[in-house]
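Chains as they are written, first to last, in this note's numbering: chain D, 66 to 648; chain W, 720 to 942.
Printed below as a string of structure tokens:
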């Protein structure tokens, strides 16, 4: 500890002597804040692509086999009408991009990088060069993933879950290089994620400022710490899984091919052993973000700090033993299914604890409806719906019916859009002043939030209804089924909602870039917040603080404390002794 | 309300599933309304107004215990209530002499009847494409196989779903309670022809079934 701070100290003095060049500052930067911005731009860019793919999917489902506006130039033979294979590719890549190249880079990549050192009082990550590599490896994986759209046969089309043997045998899907590229890209992405997670864990354990005990850490740091542990343990399983898939495709192995002695269900076990912790990797940072923003704008300490931290730890442990609920009707032994029901029901408890504590935080507060607060509140309310719909699936008999229907699609989107994306928006509006040194525009923020919230629900709530009606996921044309035809009008409603949701993001893009260059200069602590990042300049310079690191005297949520006249007591404010009090 | 949305149920165990569905629907519905009303009320009552300071509190252990224990109990009860239906549908196989071998392939359901000798794999087997005929009120055993990729045997009106996995033979059952014609979509993505891969299950009265079987299953043997 002393060695690292001495080294950092030397580094601070050293850094004062010469400026880094353009390339070292903006491209191959080892500064965690620049890497954070890079991850953010990567994620936002990919979000546009992932969103457009979703709109293509929605167009086809509402008005099947009619020309998709804007695709006439790309799909010349059909005049813009999507073919079934292209449709499969569109939803496969929508999910792949959103999960691996939007939510993970923004929440874990960008805000992990930004928040951890600044909020624990470190000058940078433990391994800055590894941190830089982590971004560039992830970005390369993203670039490789994009190449897949241009290869003959099209991109992967076996779903983001890529179930074998559909994904492992070329003849079954008709997709050759697309699926290979999918595997290679995720393999590389897995390596990048491993570099990041090792860095986060090491930094949090070793580099906290003096006085920053574990239970004085802001909950967003706790959430990122737990996320990093899950990333470290879960991602390698996917990485090995996609390598095995590639071996089956290229080297003639038979991991997943029954004719060679393999087992198709092995892929599902590997995938979901990764996949379920992955869901928590996507949602935990958003939970942390909400736990950070609610106290600031309710001007109150978080309700049940320890319960919040331990419930996240509980979720992390349980997330390893619930994955079988994705496989209730897969052919897995039904007795095992019963065991997974028990664990799945149990994992709902820590989520319930968190929700009630967020409500407890609002109780008796002095609630300020700022744009980050609105997004955080949307996170809480939408996560409640996503959490509750999960209980349907936990009940094995009910799952028999709703497995593979739109009910599942509704659930996942309430959790990862209603949850993770609203969390990401909340974080962007909240930390933008610190990250870029400028305030975002409030009017545009409202113009982004309200339509997004309304259209989000218009898009995803009716999916529950058509799911209960039996509409399967991943079908190209619902009108091919007599039992689904009577509810086709809902598909039109959903698509109109989705188009509205897409248009609602325009104010966000304008706000983001306008504020980046022309926003009002941000003060040191625009939200009157208590945590350490607000003691550094906006934006913080390289190595974050001047010659001395902040010292921490108390927990992170001392709002409206009777100890101070102001309604917030920063973590760095020295304790006020009874005798020393002047008033 | 769910009855407007759920397809009509025509199987014996479907009503168990629907009962659980409704139970969870009401529990989660009430929970959601309580949480939403509380949240909106808090947002209104505790909105920022000049001259008021927020309540300084770090939490409450009795409350933490209450909102840990109550959801846990509800969830344990739900788990226990789910066990009998699951065990009945998936873990036990009622006795029956009516078996159909279903072999899924891209993008069809092949339905094989054992013929007069009651055995599969003999010369009198009869295979139909994308249609299955069964008598009403009779336990039907479905032996599910797949020839290529994973498919899923889904009959919405029977509340029945089971993946067909290559290399495996999975036994399932159903008992239809009303004659009619029911759609059998594939519910697991199985390739470019996944959408539209479907069959029909015809549930006949015993007399109609006997007539159909005489014409279609045993007729050829007489030639």
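Even glycine gets a Cβ: it sits at the ideal position worked out from N, Cα and C.
Residue i and residue j closer than 9 Å at C-beta
{"i": "residue 394 of chain D", "j": "residue 465 of chain D", "result": "yes"}
{"i": "residue 222 of chain D", "j": "residue 240 of chain D", "result": "yes"}
{"i": "residue 531 of chain D", "j": "residue 559 of chain D", "result": "yes"}
{"i": "residue 392 of chain D", "j": "residue 330 of chain D", "result": "yes"}
{"i": "residue 447 of chain D", "j": "residue 419 of chain D", "result": "no"}
{"i": "residue 924 of chain W", "j": "residue 898 of chain W", "result": "yes"}
{"i": "residue 491 of chain D", "j": "residue 443 of chain D", "result": "yes"}
{"i": "residue 745 of chain W", "j": "residue 894 of chain W", "result": "no"}
{"i": "residue 172 of chain D", "j": "residue 292 of chain D", "result": "yes"}
Inter-residue spacing [alpha-carbon to alpha-carbon] between residue i and residue j
{"i": "residue 84 of chain D", "j": "residue 634 of chain D", "result": "36 Å"}
{"i": "residue 569 of chain D", "j": "residue 510 of chain D", "result": "11 Å"}
{"i": "residue 130 of chain D", "j": "residue 238 of chain D", "result": "21 Å"}
{"i": "residue 799 of chain W", "j": "residue 871 of chain W", "result": "27 Å"}
{"i": "residue 632 of chain D", "j": "residue 365 of chain D", "result": "9 Å"}
{"i": "residue 766 of chain W", "j": "residue 469 of chain D", "result": "42 Å"}
{"i": "residue 830 of chain W", "j": "residue 818 of chain W", "result": "10 Å"}
{"i": "residue 349 of chain D", "j": "residue 820 of chain W", "result": "46 Å"}
{"i": "residue 451 of chain D", "j": "residue 140 of chain D", "result": "36 Å"}
{"i": "residue 738 of chain W", "j": "residue 533 of chain D", "result": "14 Å"}
{"i": "residue 595 of chain D", "j": "residue 346 of chain D", "result": "26 Å"}
{"i": "residue 882 of chain W", "j": "residue 907 of chain W", "result": "7 Å"}
{"i": "residue 437 of chain D", "j": "residue 863 of chain W", "result": "52 Å"}
{"i": "residue 114 of chain D", "j": "residue 542 of chain D", "result": "23 Å"}
{"i": "residue 802 of chain W", "j": "residue 111 of chain D", "result": "43 Å"}
Any chain D beta carbon closer than 9 Å to residue i
{"i": "residue 812 of chain W", "result": "no"}
{"i": "residue 893 of chain W", "result": "no"}
{"i": "residue 913 of chain W", "result": "yes"}
{"i": "residue 725 of chain W", "result": "yes"}
{"i": "residue 739 of chain W", "result": "yes"}
{"i": "residue 786 of chain W", "result": "yes"}
{"i": "residue 859 of chain W", "result": "no"}
{"i": "residue 790 of chain W", "result": "yes"}
{"i": "residue 886 of chain W", "result": "yes"}
{"i": "residue 867 of chain W", "result": "yes"}
{"i": "residue 845 of chain W", "result": "no"}
{"i": "residue 781 of chain W", "result": "no"}
Three-way DSSP call (helix, strand, coil) for residue i in this model
{"i": "residue 88 of chain D", "result": "helix"}
{"i": "residue 848 of chain W", "result": "strand"}
{"i": "residue 241 of chain D", "result": "coil"}
{"i": "residue 901 of chain W", "result": "strand"}
{"i": "residue 794 of chain W", "result": "helix"}
{"i": "residue 820 of chain W", "result": "strand"}
{"i": "residue 592 of chain D", "result": "coil"}
{"i": "residue 862 of chain W", "result": "strand"}
{"i": "residue 942 of chain W", "result": "Its pLDDT being 40, under 50, residue 942 of chain W is placed unreliably by the model, and nothing is read from it."}
{"i": "residue 323 of chain D", "result": "helix"}
{"i": "residue 309 of chain D", "result": "helix"}
{"i": "residue 540 of chain D", "result": "coil"}
{"i": "residue 618 of chain D", "result": "coil"}
{"i": "residue 61 of chain D", "result": "Residue 61 of chain D is absent from the model: chain D starts at 66 and stops at 648."}
Contact with chain W by residue i, beta-carbon distance below 9 Å
{"i": "residue 356 of chain D", "result": "no"}
{"i": "residue 538 of chain D", "result": "yes"}
{"i": "residue 383 of chain D", "result": "no"}
{"i": "residue 558 of chain D", "result": "no"}
{"i": "residue 471 of chain D", "result": "no"}
{"i": "residue 161 of chain D", "result": "no"}
{"i": "residue 394 of chain D", "result": "yes"}
{"i": "residue 420 of chain D", "result": "yes"}
{"i": "residue 365 of chain D", "result": "yes"}
Range of the contiguous alpha helix (DSSP H) that encloses residue i
{"i": "residue 883 of chain W", "result": "Per DSSP, residue 883 of chain W belongs to no alpha helix (DSSP H); it is in the beta strand (DSSP E), 879-883."}
{"i": "residue 574 of chain D", "result": "571-583"}
{"i": "residue 392 of chain D", "result": "Unbroken run through residue 392 of chain D: none, as it is neither H nor E."}
{"i": "residue 182 of chain D", "result": "177-185"}
Endpoints, the beta strand (DSSP E) within which residue i is located
{"i": "residue 549 of chain D", "result": "No beta strand (DSSP E) contains residue 549 of chain D, which DSSP labels as neither H nor E."}
{"i": "residue 871 of chain W", "result": "870-874"}
{"i": "residue 889 of chain W", "result": "889-894"}
{"i": "residue 923 of chain W", "result": "917-923"}
{"i": "residue 831 of chain W", "result": "827-832"}
Discussion item. Under 8 Å, CB to CB, which of the residues in the region 421-445 of chain D have a partner in chain B?
Written reply: In summary, chain B is missing from the structure at hand, where the protein chains are D and W.
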